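**Q**
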Amino acid sequence: MINPIFVAIDTPHMKTALDLVNSLAGHVGGVKLGLEFFCANGLPGISDLSQLGIPIFLDLKLHDIPNTVAGALKSTVAIRPAIINVHSSGGEAMMRQAVSTVEECAANENFEKPLLIAVTLLTSLDDEDLPTLGFSGTPQKQVIRLATLSQRCGLDGVVCSPLEIKPIREVCGNEFKLVVPGIRPEGSDMGDQKRTLTPKQALEMGADYIVIGRPITSSDDPVAAVEAINATISS
Ligand code: C5P
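Under the working numbering, the final residue of the sequence shown carries the number 240; numbering is consecutive throughout.
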C-alpha cells in the first residue's frame, strides 16, 4: 500500500519546513502545505520543497470567479503538486473550469494530472453558523450537497472530517477520493481538534489519505512519531 499519510507542515519558516521534509521524506506519503507556508514563501518556496522529491498536497483552498481560479491553477500546477484544492462553494462553473484547466495543463505539458479535490464546508462552522450564512439544513446535509456537486463537476474527491467519511462514501462511492484531517494517534494531545479518529480507524472507515500535523511535527522525534503511526496502520 502507498503510504497514505500527508504531514501538515504549518509553519511560515522555510528552514523549519526544509528540516521536517528532509527528515520525513521516505517515512510518509507526502506533505501538506497550506496558506501559512504559502503566504510567507510563495510558489518559489513550495517549488524548493518539491525539489526534494516528496509528493505535495497544496492546500490553498482556491475560491474566486472561474477565470481567476483557472489562472491560479495554471501557475500552481507548474510546480507539479500531487493534490490541489478549491472551495466547492465557488460553484459549478468554477469547478468545471478548474477541472478542464488542470486536465489541459497536464495534457499539454505531459505530466500526471494532480488530484483536484474540493473543500465542502469548513469544519470550523457549526449548526449555529449556517443560518447566519443563509444556509438551511444541517452541516452534514450541506457537506453532502457540496460533495455530490463536486463529483458531478468532475473533481476527484473532497477534504472531509472523520465524521463525514461514511456518509460521503455512501453517496459518492468508492472511487471518490477522501482526504481526511482531524486525525489523532491514540494517546496524543487533541490540540484544537474536537472530533477525531485514529489513523487506523480513519483508513478502515474509508479515508484514502490522512492529514496529520502536530502529533508528528511537534514531537521531539518526528521520524519516530511517524514510524509509530506507520506501525499501527500496518498492524
Ligand atoms: O496539527 P493537526 O493534525 O491538527 O493539523 C491538521 C491540518 O489539517 C492543519 O493544516 C489544518 O489546517 C488542516 N485541516 C483541519 N481540518 C479541516 C481542514 C483542514 O484540521 N477541516
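Note that CB positions come from ideal geometry on N, CA and C, so glycine has one too. Keep in mind that this is a model prediction, so the values were computed, not measured.
Can you give me the Cβ contacts of residue 169 inside the same chain, cut-off strictly under 6 Å, excluding the 5 residues immediately before and after it?
**A** Position 164 of the sequence shown, counting from 1, holds the residue named residue 169. Excluding positions up to five away in sequence, the list reads 148.
**Q** Let me make sure I understand the geometry here. Which of 97, 100, 160 and 216 has the alpha-carbon closest to that of residue 167?
**A** Numbered from 1 along the sequence shown, position 162 holds the residue referred to as residue 167. Ranking the options by Cα distance to residue 167, first place goes to 216.
**Q** Could you give the DSSP three-state label for residue 37: helix, strand or coil?
**A** Numbered from its first residue, the sequence shown carries residue 37 at position 32. Three-state result, residue 37: strand.
**Q** Suppose contacts are defined by Cβ-Cβ distances below 8 Å. Is residue 92 in contact with residue 66 by that definition?
**A** For the purposes of this step, residue 92 is taken as the residue at position 87 of the sequence shown. For the purposes of this step, residue 66 is taken as the residue at position 61 of the sequence shown. Remark: C-beta atoms of residue 92 and residue 66 approach each other more closely than 8 Å.
**Q** Indicate, with yes or no, if ligand 1 has a heavy atom lying under 7 Å from the CB of residue 15.
**A** Within the sequence shown, numbered from 1, the residue matching residue 15 stands at position 10. Yes.
**Q** Evaluate the contact criterion for the region 92-103 versus the region 71-82: three or more CB pairs, one atom per stretch, below 8 Å.
**A** Contact between the region 92-103 and the region 71-82 is present: three or more C-beta pairs spanning the two stretches fall below 8 Å.
**Q** Comparing C-alpha positions only, which one of 29, 95, 28 and 54 sits nearest to residue 69?
**A** Counting from 1 along the sequence shown, the entry for residue 69 is found at position 64. Considering only alpha carbons, the answer is 95.
**Q** Could you give the residue range of the alpha helix (DSSP H) that holds residue 134?
**A** Position 129 of the sequence shown, counted from the start, is the residue given in the question as residue 134. Note, residue 134: alpha helix (DSSP H), 134-137.
**Q** In this structure, what does DSSP give as the bridge partners for residue 92?
**A** If you number the sequence shown from 1, residue 92 lands on position 87. In the DSSP output, where bridge partners are listed per residue, residue 92 has 124.
**Q** Going by the CB atoms, is the gap between residue 201 and residue 219 shorter than 8 Å?
**A** In the sequence shown, residue 219 corresponds to position 214, counting from 1. In the sequence shown, residue 201 corresponds to position 196, counting from 1. Against a cut-off of 8 Å, the Cβ pair of residue 201 and residue 219 comes out as no contact.
**Q** Mind checking residue 51: buried by the 16 CB within 10 Å criterion, or exposed?
**A** Position 46 of the sequence shown, counted from the start, is the residue given in the question as residue 51. Looking at its Cβ environment, which holds 16 or more other Cβ atoms inside 10 Å, residue 51 is buried.
**Q** Between which two residues does the alpha helix (DSSP H) holding residue 61 run?
**A** One-based indexing of the sequence shown puts residue 61 at position 56. Per DSSP, residue 61 belongs to no alpha helix (DSSP H); it is in the beta strand (DSSP E), 61-67.
**Q** Nearest by alpha-carbon distance to residue 233: which of 198, 207, 223 and 191 is it?
**A** Indexing the sequence shown from 1 puts residue 233 at position 228. Among 198, 207, 223 and 191, the Cα nearest to that of residue 233 belongs to 191.
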